[in-house]
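Q: In the order they appear, the protein sequences are chains G and W.
For the first sequence, the tail end lands on 358 under our numbering, and the numbers increase by one without skipping.
For the second sequence, the tail end lands on 716 under our numbering, and the numbers increase by one without skipping.
Next up is a structure, given as structure tokens.
Number of protein chains: 2
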Amino acid sequence: MLHVVIMAGGSGTRFWPQSRRRLPKQFLKIGTEQTLIQETAARCLPLIAPPQLWVVAGAVHAAETAHQLPELPGEQVLIEPCARNTAPCIGLAAIQLLAVDPEAVMLVVPADHVISPAEVFQQAVRDAVRFVTAQPDSFVLFGVKPDHPATGFGYIHRTATTVTGEEALYRVAAFKEKPDPLTAAKYVASDEYLWNCGIFVWKAQALLDALAVHQPELHAGLARLREAIGTDRWPDALATEFPKLPSISIDYAVLEHAQNVYVLPAAFQWDDVGSWLAVSRLHPQDDDGNTIDGLHCGVDTDRCIIRSTDDHLVTTIGVKDLIIVHTPEATLVADQRDEAAVKKLLAELERRGLSQFL
Amino acid sequence: MLHVVIMAGGSGTRFWPQSRRRLPKQFLKIGTEQTLIQETAARCLPLIAPPQLWVVAGAVHAAETAHQLPELPGEQVLIEPCARNTAPCIGLAAIQLLAVDPEAVMLVVPADHVISPAEVFQQAVRDAVRFVTAQPDSFVLFGVKPDHPATGFGYIHRTATTVTGEEALYRVAAFKEKPDPLTAAKYVASDEYLWNCGIFVWKAQALLDALAVHQPELHAGLARLREAIGTDRWPDALATEFPKLPSISIDYAVLEHAQNVYVLPAAFQWDDVGSWLAVSRLHPQDDDGNTIDGLHCGVDTDRCIIRSTDDHLVTTIGVKDLIIVHTPEATLVADQRDEAAVKKLLAELERRGLSQFL
């Protein structure tokens with residue numbers, strides 16, 4: 001049976017000050033009507049019944065997750081005692097799914113991506129599930145044809161021809177890290193490169209089997225955890241075993257080593273909303289190229305991304321290429337070219353004893 | 359007897375959003391411990407007793423004036439029913455003073471300038487009062503030796519030699535409007551040019567006599583008003599006569615025409631705080647040339663003027679030469695070179711139905 005696992009462990013800082021330690025990006029509306037995790041759940045629920053919906057989240061975000069997703073059965077919020085990257089996160093979900101459904105097929109989706117239309121996404125998932133059901137040792141990724149030479153996404157190099165007997169799937173030839181602009185342009189010009197959406201379909205058992213081969217330490221830790229499922233020992237086991245799991249991404253842990261890794265080119269629009277610049281891709285712009293959300297009035301203002309609330313007025317005069325984000329507690333004014341410096345800024349806040357603003 | 363008249367009718371927009379229609383600059387702390395009008399009153403009170411302190415203010419600011427200056431007798435807040443520039447304002451004060459003191463000497467000071475040290479200012483006033491008492495038809499202005507080629511101030515060209523029998527006073531040769539940078543540099547290089555502080559000492563009767571000669575229409579209006587002082591007719595007379603007075607500055611109305619206009623070079627520091635840039639003259643700067651008031655944390659931030667409150671954090675990354683002003687209701691982010699555009703911005707707010715933010 002298909003189960004959906006939403007990975008909601010993100011604690012990114014790139015949307016500060018709108019995102020905060022207690023409320024990271026997946027719990028915010030960014031270019032969306034509902035919060036990103038609500039949109040993600042709504043997109044997946046037509047594929048399953050609520051008992052097959054799972055969310056993996058950090059302990060500090062469990063309550064917010066339950067609050068934002070009231071349809072989610074409480075025991076299906078899986079708690080990560082600490083952040084250990086995607087392989088332990090997905091492994092944790094896999095052992096839980098197997099405890100209720102030995103034939104479980106997992107759709108693994110990040111909580112904080114923007115995807116549309118939902119129907120195209122759902123059809124792609126159905127295609128992948130059918131393939132995985134027929135070939136239970138396979139791993140399917142979704143790839144989106146790039147429409148611009150993005151340097152902020154990872155790429156998948158697919159093989160030239162589809163899998164025999166399948167029109168839609170290709171074997172993965174190689175994973176490519178975020179490229180430089182020239183390389184990205186080559187990828188866009190070729191048909192064989194796709195954005196790696198970080199969305200996966202596979203059987204839970206196939207994942208554990210692959211972990212046993214490629215990540216024996218991680219697999220052993222998960223096996224110890226698995227023994228405690230459904231017992232009084234679970235909270236203790238989770239608190240002691242999970243932090244010992246190696247922090248590694250599912251790509252490095254399994255996908256770059258495993259056989260039978262496939263990519264399904266998907267026709268949906270996709271964005272990982274990795275920075276404020278994504279907001280200008282997801283929102284329309286005014287005549288001067290500004291992307292505005294909230295109350296704003298400007299004079300000689302060009303290509304700015306401006307976010308405020310409905311009751312606080314942000315005004316601008318003679319500025320361009322800025323990111324301006326107002327929240328009731330803090331305001332950011334930053335050059336768009338210098339976005340990575342948010343990390344520096346937040347470190348400086350910590351150093352200066354202003355961590356209440358983090 | 360000396361009376362102090364504080365002109366508090368200003369409604370400037372250049373400090374928006376910190377200044378608002380209901381709370382213009384004179385009621386704010388700008389580079390000062392107390393509000394500008396409180397500092398002004400505190401600077402003048404050692405020269406007089408409270409019954410000789412008068413404030414001329416707009417009707418909407420009468421309550422704020424009384425609130426900020428509790429030592430001021432309530433009936434000595436003179437209300438301007440509408441703004442009519444400095445000549446009617448000073449004329450209104452003059453007829454009120456004469457009603458209680460036919461020999462009244464007026465010290466006229468704007469409510470919103472920054473001056474220090476107070477003792478030097480007070481000594482200069484005493485010198486001027488002594489001169490005016492001895493020569494009751496004279497008009498004395500204060501001039502500050504320029505320490506930089508300011509293009510935002512008016513200048514006084516003094517005569518080469520002091521008045522016979524006086525060490526400190528010169529006749530005024532000419533008034534000079536705000537100069538271009540080259541002319542300002544010449545003024546600074548010469549000893550004969552002084553910043554016109556807009557601060558005056560003269561006998562109330564001498565002013566009325568000069569108005570009779572140079573501004574008969576204004577004088578006639580004041581004369582009609584004067585007849586109503588102390589009667590039940592005063593509120594009506596003020597409401598009907600004052601708006602009919604010609605709107606004209608005291609410089610144009612009297613000082614550029616009158617004989618016996620003198621300038622007293624004063625050794626105090628003076629700034630008319632005409633724009634946010636004045637804040638960087640009045641506050642110290644950090645190592646990167648930023649002028650900060652309130653909570654701020656920055657990365658790669660240079661020569662910015664940043665104002666916030668004590669509980670709202672303003673952060674900046676990779677920006678320079680900006681003015682950033684946060685208030686609970688509105689935030690301004692502006693290029694310093696484009697400061698005059700605040701007027702354009704406020705007109706746009708009005709046009710867009712956002713006048714609650716004015």
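The C-beta atom is built at its ideal place from N, Cα and C for all residues, glycine as well.
1. Could you work out which residues of chain G lie near Ile675/W, taking near to mean beta carbons separated by less than 9 Å?
2. For chain W, check one thing: does any of its Cβ atoms lie closer than 8 Å to the Cβ of Arg352/G?
3. Tell me where the beta strand (DSSP E) around His684/W begins and ends.
4. Do Arg661/W and Asp679/W have their C-beta atoms within less than 8 Å of each other?
5. How would you write the range of the alpha helix (DSSP H) that Pro181/G sits in, first residue to last?
6. Tell whether a beta-carbon distance below 8 Å holds between Pro149/G and Pro102/G.
7. Which stretch, first to last residue, makes up the alpha helix (DSSP H) that contains Trp276/G?
8. Would you say the stretch 85-102 of chain G touches the stretch 221-241 of chain G, given that touching needs at least three Cβ pairs under 8 Å?
9. Output yes if chain C places a C-beta closer than 8 Å to the C-beta of Asp300/G; else output no.
10. Tell me which residue opens and which closes the alpha helix (DSSP H) that Cys447/W is part of.
11. Answer yes or no: does any C-beta atom of chain W fall closer than 8 Å to that of His440/G?
12. Is the Cβ of Phe357/G closer than 8 Å to any Cβ of chain W?
13. Taking contact to mean 3 or more Cβ pairs, one atom from each stretch, closer than 8 Å, check whether the stretch 557-571 of chain W and the stretch 420-432 of chain W are in contact.
14. Please go through the same chain and pick out, in chain order, the residues whose beta-carbon is closer than 6 Å to the beta-carbon of His326/G, but skip the five residues on each side of it.
15. Use the C-beta contact count for Cys402/W: other C-beta atoms within 10 angstroms, 16 or more gives buried, fewer gives exposed.
16. Using only the alpha-carbon positions, how far apart do Ala407/W and Pro593/W sit?
17. Between the stretch 51-75 of chain G and chain W, which residues of the former have a C-beta closer than 7 Å to a C-beta of the latter?
18. Measuring straight from C-alpha to C-alpha, what distance separates Thr598/W and Leu576/W?
19. Taking buried to mean at least 16 other C-beta atoms within 10 Å of its own C-beta, is Lys29/G buried or exposed?
20. With DSSP collapsed to three states, give me the class of Glu438/W.
21. If you reduce the DSSP assignment to three classes, tell me which class Val60/G lands in.
22. Any Cβ of chain W within less than 8 Å of the Cβ of His326/G?
23. What residue range is occupied by the uninterrupted alpha helix (DSSP H) comprising Asp236/G?
24. Assuming contact is defined by CB atoms lying nearer than 8 Å, are Ile749/W and Ala445/W in contact in what I supplied?
25. Please return the same chain residues whose Cβ sits closer than 7 Å to the Cβ of Asp485/W, not counting the five positions on each side in sequence.
26. Does Leu349/G come within less than 8 Å of chain W when only Cβ atoms are used?
27. Taking 8 Å as the threshold (C-beta atoms), are Leu69/G and Ala104/G in contact?
28. Find the nearest neighbour of Val213/G within the set Gln38/G, Gly9/G, Lys178/G and His257/G, judged by alpha-carbon distance.
29. What did DSSP end up calling Ile388/W once you bin it into helix, strand or coil?
30. In the DSSP assignment, find the beta strand (DSSP E) that holds Val299/G and state where it starts and stops.
31. For the stretch 602-633 of chain W, list the beta strand (DSSP E) runs that are entirely contained and at least 3 residues long, ordered along the chain.
32. My parser needs the beta strand (DSSP E) runs of 3 or more residues fully inside the stretch 113-173 of chain G; what are they?
33. Determine, using beta carbons only, whether Val144/G and Val201/G come nearer to each other than 8 Å.
34. Quick one: residues in its chain with C-beta nearer than 6 Å to the C-beta of Ala253/G, no 5 flanking neighbours on either side, listed in chain order?
35. Under DSSP, the alpha helix (DSSP H) around Arg401/W begins and ends at which residues?
36. Would Glu329/G count as contacting chain W if we go by Cβ distances under 8 Å?
A: Reading from the atomic positions:
1. Going along chain G in sequence order, the residues near Ile675/W (Cβ under 9 Å) are Ile323, Leu332, Val333, Ala334, Asp335, Asp338, Glu339, Ala341, Val342, Lys344 and Leu345.
2. Chain W contact via Cβ: present.
3. Leu680 to His684
4. yes
5. Pro181 to Ala189
6. Between Pro149/G and Pro102/G, the CB-CB gap reaches or exceeds 8 Å.
7. Note, Trp276/G: alpha helix (DSSP H), Trp276 to Leu282.
8. Judged by Cβ distances under 8 Å, the stretch 85-102 of chain G makes contact with the stretch 221-241 of chain G, as three or more pairs qualify.
9. In summary, chain C is missing from the structure at hand, where the protein chains are G and W.
10. Thr444 to Val458
11. Outside the shown range of chain G (1 to 358) lies residue 440/G, about which nothing can therefore be said.
12. So, interface residue.
13. no
14. Ser308, His312 and Val314
15. Cys402/W is buried by the Cβ-count criterion.
16. 27 Å
17. none
18. 14 Å
19. exposed
20. strand
21. helix
22. Among the CB atoms of chain W, one or more fall inside 8 Å of the CB of His326/G.
23. Trp234 to Glu241
24. Residue 749/W is absent from the structure shown; chain W starts at 359 and stops at 716.
25. Ala526 and Leu622
26. yes
27. no
28. His257/G
29. coil
30. His296 to Asp302
31. List check, beta strand (DSSP E) in window: 619-624 and 627-629.
32. Secondary structure within the stretch 113-173 of chain G: the beta strand (DSSP E) runs of 3 or more consecutive residues, fully enclosed, are 114-116, 139-144 and 155-162 (chain order).
33. no
34. For Ala253/G, where only same-chain residues beyond five positions count, the Cβ hits under 6 Å are Ala87 and Gln215.
35. Leu394 to Cys402
36. yes
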